[in-house]
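**Student:** In order, the protein sequences belong to chains Z and F. Okay, so the first sequence: first residue is 1 according to this note's numbering, each after it adds one. Okay, so the second sequence: first residue is 1001 according to this note's numbering, each after it adds one.
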Amino acid sequence: MLKLENISFSVDVDGKDLGIVDNVSLEIPDGAFTVITGPNGGGKSTLARLIMGIEKPTSGRILYNGTDITDLSVTERAKLGIGFAFQHPPRFKGLTVRRLLSLAAGYELPEDECCSYLTSVGLCSKDYLNREMDNSLSGGEAKRIEIATLMARKLGVAIFDEPEAGIDLWSFSMLVESFKAMSSGNHNSVIVISHQERIMQLADTMIVIADGKVRTIGPKEEVFPALMGEFSENCGFRGKEAGADE
Amino acid sequence: MNKTESQLLEAIADLHEVPAGAYNLRKNGSGHSRKSTANIEIVTKEDKPGIDIIVAPGTKNESVHIPVIITEAGVNDLVYNDFFIGDDADILIVAGCGIHNSGDEKSQHDGIHTFHIGKNAKVKYVEKHYGEGDGKGERVLNPVTVIEQDENSVCEMEMVQIKGVDSTVRDSKAYLKAGAKLIITERLLTHGEQYARSDMDVYLEGEDASAQIISRSVAKDKSKQIFHPNAIGNAKCRAHVQCDSIIMDEANVSSIPAITANSADAQIVHEAAIGRINNDQLVKLMTFGMNEEEAEEVIISGFLK
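1. How about residue 1164 of chain F and residue 1131 of chain F: do their beta carbons lie closer than 7 Å?
2. For residue 1360 of chain F, which residues in chain Z fall below 8 Å Cβ to Cβ?
3. Can you tell me the Cβ-Cβ gap for residue 1182 of chain F and residue 1206 of chain F, rounded? I've got them flagged as a contact below 8 Å.
4. Using 7 Å as the threshold, is the C-beta distance between residue 1171 of chain F and residue 1150 of chain F below it?
5. Quick check on residue 115 of chain Z: does DSSP put it in helix, strand or coil?
6. For residue 1279 of chain F, report the span of its alpha helix (DSSP H) as first-last.
7. Between residue 1197 of chain F and residue 1104 of chain F, what straight-line distance do the alpha-carbon atoms span, to the nearest angstrom?
8. Locate the beta strand (DSSP E) running through residue 1123 of chain F, then write down its first and last residues.
9. Using DSSP's beta-bridge definition, name the partner residues of residue 1197 of chain F.
10. Under the rule that 16 or more other beta-carbon atoms within 10 Å means buried, what is residue 1038 of chain F, buried or exposed?
11. Just the C-alpha distance for residue 32 of chain Z and residue 202 of chain Z, rounded to the nearest angstrom, thanks.
12. Can you tell me which of F:1220, F:1268 and F:1096 puts its alpha carbon nearest to the alpha carbon of residue 1209 of chain F?
13. For residue 224 of chain Z, I'd like the list of residues in its chain whose CB is within less than 7 Å of its CB, leaving aside the five on either flank, ordered along the chain.
14. Taking the C-alpha atoms as reference points, what is the distance between residue 244 of chain Z and residue 88 of chain Z?
15. Would you mind reading off the limits of the beta strand (DSSP E) that contains residue 1148 of chain F?
16. Answer with buried or exposed for residue 1227 of chain F, where buried requires no fewer than 16 other C-beta atoms within 10 angstroms of its C-beta.
17. Suppose you measure from the CA of residue 6 of chain Z to the CA of residue 150 of chain Z; what does that come to, to the nearest Å?
18. Could you name the residues of the same chain whose beta carbon sits closer than 6 Å to that of residue 1056 of chain F, not counting the 5 residues immediately before and after it, in chain order?
19. Quick check on DSSP: helix, strand or coil for residue 107 of chain Z?
20. Start and end of the beta strand (DSSP E) containing residue 1007 of chain F?
21. Looking at C-alpha atoms only, which residue of F:1023, F:1290 and F:1002 is the closest neighbour of residue 1306 of chain F?
22. For chain F, find out if any of its Cβ atoms is closer than 7 Å to the Cβ of residue 103 of chain Z; answer yes or no.
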């Protein structure tokens, strides 16, 4: 179980405190597929980065399986079983896709296993195994490999930051299938930040984050129809000011 | 051969025992052991220190190993190695120099290598430089390489300086006739207060000659690196020069790629980049459970692979 208690995060902009996440408390139960959604600039990505330890909260506590992990580093959290797929995955010159997947797994992955991860993100594995993770890959390709790096691990909490961004329509269906499989597979709980209806459909729990706060949290059956209704009735939710960098 | 010597040989030539095929092992400034084969003849030079390596035309799938090891302090070794590669041959040459200097005097090896590569011949040349030892004596390597490529020959050179070389000044020149192709990859790691300089001039003389010059380096601590590759197109040709460096700590890197066209049909491109390890790269690897040092090591070894 992952628990956030009164988490706030702000940054200093020209001497002024700019709040990104404002007193968020929530629980991510074990074995659940959670989708976090909400307007751009609402604090979703920051929340994910706070969970991974890439950012440190200004105040509040993060508990994982009862242990306070607020002061633990990224490395320590990774060792406890928290994983994160970047919205904009970094590139590595000279590092092959196969090596990256092996580094993620923590051991030299056999070829067929690498291939199966790549196939499940819609990449023809034999073309990619020995490709370098450098700028020769398109944004969509890099993104799919990023998702595959989390598939190569067994995690307590796997967090994906907008996995669908940059992925073409043809591959998207396959990706949805992979996420569906993931929800009952390797990882104990899966958190996906997404704006995609079809990803939201997979959720057990949905969390709507806006203006740095939890706006709604609940089972998909309740949150999802309300959200869709909101979109069709008025655009107030969608049109809210796009604030800080996510 | 003692343990230090075996370790040096392994570091520079991946050799665990006497290599298959032709070889010449040079130790502390003089020849140690040698083997010629039916197609590859190794002969001592008469006018100056060094050897001629003569590869018969049409020789296929053979290799020559010419490692040099220095295990004493105060050695100043200058050697001329000339390679004569016959037409249509296809061979692998593994060179390299390992210095173990635990004394306080400088040990230096300057290898002057000249390659005469025949028509349609293919050469792959791998050279590794490595230094070790805890003495105050400097480990210095100043290689000079001249490559003359005849028509439609292919030469692939991989020059690697692994670590421990205090000072190196490389001077390379290549002359390419029509249809000849040259690929030079230089990989270099400097640390401590080491100094490395590499000057390279590639002359594309004949029609459809092509060259690719790739330099990848990592400069740590207070080390200093200077790269100055120049591709000179004198005919309809293609060349690409690429210098890419990771800079760390208080190091200093200067990359000066140059291109010169003396023909309107020459197509020559250069690119150069110097930068520190990107924070996102480190964080990404840390999310796999590595600490910062381990992540850095993975990034550097991938970059220099």
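Even glycine gets a Cβ: it sits at the ideal position worked out from N, Cα and C.
**Tutor:** Taking the coordinates as given:
1. yes
2. With chain F covering 1001 to 1305 only, the question about residue 1360 of chain F has no answer from this structure.
3. The Cβ separation is near 12 Å, so there is no contact.
4. no
5. helix
6. 1279 to 1286
7. 24 Å
8. 1122 to 1132
9. F:1169 and F:1226
10. exposed
11. 10 Å
12. F:1268
13. 200 and 206
14. Note that residue 244 of chain Z scores 43 on pLDDT, short of 50, meaning its location in the model is unreliable; the coordinates nonetheless yield the value given after this. Cα to Cα, the separation comes out at about 17 Å.
15. 1144 to 1149
16. buried
17. 28 Å
18. 1039 and 1086
19. coil
20. Residue 1007 of chain F -> not in any beta strand (DSSP E); alpha helix (DSSP H) instead, spanning 1003 to 1013.
21. Any question about residue 1306 of chain F goes unanswered here, given that chain F covers just 1001 to 1305.
22. yes
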